[in-house]
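With positions in the sequence shown counted from 1, the corresponding number in this note's numbering is that position plus 594.
What follows is a set of notes on a single structure, which appears directly below.
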Amino acid sequence: MNKITRRQAMGTAAGALSALGIAGATAHAAAADSRASIPTGTVDEVYQGRRIQITPAANGGGHHGGGHDGLPTVRIDGRELHVMRNADGTWISVVNHYETYSDPTSLARAAVRELQGAVLAPFAPMGGTA
């Protein structure tokens, strides 16, 4: 009768765990890649009486008058809402840095709710002008 040795059992278990780890890492990388793409669609909608317009960055820019960061331009009633992309693919805005959103549209809608009818003030980055 063949008996499995402790060394063989440990080797088999280590191999199985390695295979599971590689599969898990591959799945995580695929999910991160899907979050990493910047939305390309144009949005023009009225939400709670406010007009939201989102235009994708053209040629790697478009943010703050043709910037270089490749972010979409988000406007509420014609005024630009400064948006930022987090490393994990989520979005935040100057209106609320503490809540993250999965896409610029949900971020803009949240900004409208947070503004509660107030006009969006011009954003002047440090060292720049609005």
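Every residue, glycine too, gets a C-beta built ideally from N, C-alpha and C.
Rounding to the nearest angstrom, what Cα-Cα distance links Trp685 and Ala607 in this structure?
41 Å
So what's Glu639 in DSSP terms, helix, strand or just coil?
Looking at Glu639 - three-state DSSP - the assignment turns out to be strand.
Cutoff 7 Å; reference His676; Cβ partners in own chain excluding five residues on either side:
Ser687, Val688, Phe717
What's the gap between the Cα of Val640 and the Cα of His691?
23 Å
How is the beta strand (DSSP E) around Glu674 delimited, first residue to last?
673 to 675
Are the Cβ atoms of Val706 and Ile670 separated by less than 9 Å?
yes
Which of helix, strand or coil does DSSP assign to Thr667?
strand
For the alpha helix (DSSP H) that Thr699 lies in, which residues bound it at each end?
698 to 709
Quick test of your reading: Ala651 and Leu665, contact by CB under 8 Å. State the CB separation rounded to the nearest angstrom.
6 Å
According to the neighbour-count rule (16 or more other Cβ atoms, all chains shown, within 10 Å of its Cβ), is Gly660 buried or exposed?
Confidence at Gly660 is low in this model, with a pLDDT of 43, below 50, so its placement is unreliable and the value that follows should be read with caution. Under this definition Gly660 is an exposed residue.
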